[in-house]
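Beneath this line is the structure, given in structure tokens, with notes to follow.
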Amino acid sequence: MHRKTLLGLALAYVIVTGATVWGLFQVRTWVVATYDTAEETENWQELRTTLHERKKAENPDNPHPRQRSAEPPIKVLFSENFPTVVTWAVLFLSILYWSVGILMAGAIRTSNNISASPHDDAPH
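Numbering (full-length UniProt numbering), first residue to last: 1 to 124.
Now the structure itself:
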């Protein structure tokens with residue numbers, strides 16, 4: 001692969017990866033601003049109670065259905081598990097980016113004047 005093509009792919013990779021990580025940090029900021037309020041905590045507790053009572057009513061044989069998390073799952077995901085989210089996002093992005101990028105670069109850089117058969121195989 002030519003050096004210019006590889007450098008172009010690397011530059012685009014840095015930009016795409018940076019935009020992805022920046023976007024994840026923006027989502028994290030939004031999640032904290034949205035779900036880290038007293039009103040949202042109260043709404044989540046009401047939902048938990050309602051769902052718990054509904055499960056108990058649906059299945060009287062199981063008087064203690066499993067309780068849901070004390071915090072909304074998206075809040076837990078973007079607070080406690082954020083490094084894992086970023087790591088997996090960058091890993092999947094990298095695999096997809098370089099797979100497609102190398103295939104496209106190879107397709108673009110391939111010469112169009114390759115003969116269908118070698119010249120020494122041609123009939124005389």
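All C-beta atoms, glycine included, are put in the ideal place defined by N, C-alpha and C.
Note on K4: under 16 other CB atoms within 10 angstroms of its CB, so exposed under the neighbour-count rule. For N59, there is no enclosing alpha helix (DSSP H), as DSSP gives it neither H nor E. Taking C-beta atoms as the reference points, V27 and L93 fail to come closer than 8 Å. In the structure shown, S69 falls within a coil segment according to DSSP collapsed to helix, strand and coil. Separation of the CB atoms of A89 and T20 is rounded to 6 Å, and the pair is thereby assigned contact status at 8 Å. Per DSSP, the continuous alpha helix (DSSP H) segment holding T87 begins and ends at F82 to R109. Going by C-alpha positions, M104 is about 37 Å away from V31.
The beta-carbon separation of P72 and W44, rounded to 5 Å, stays under the 8 Å limit for a contact.
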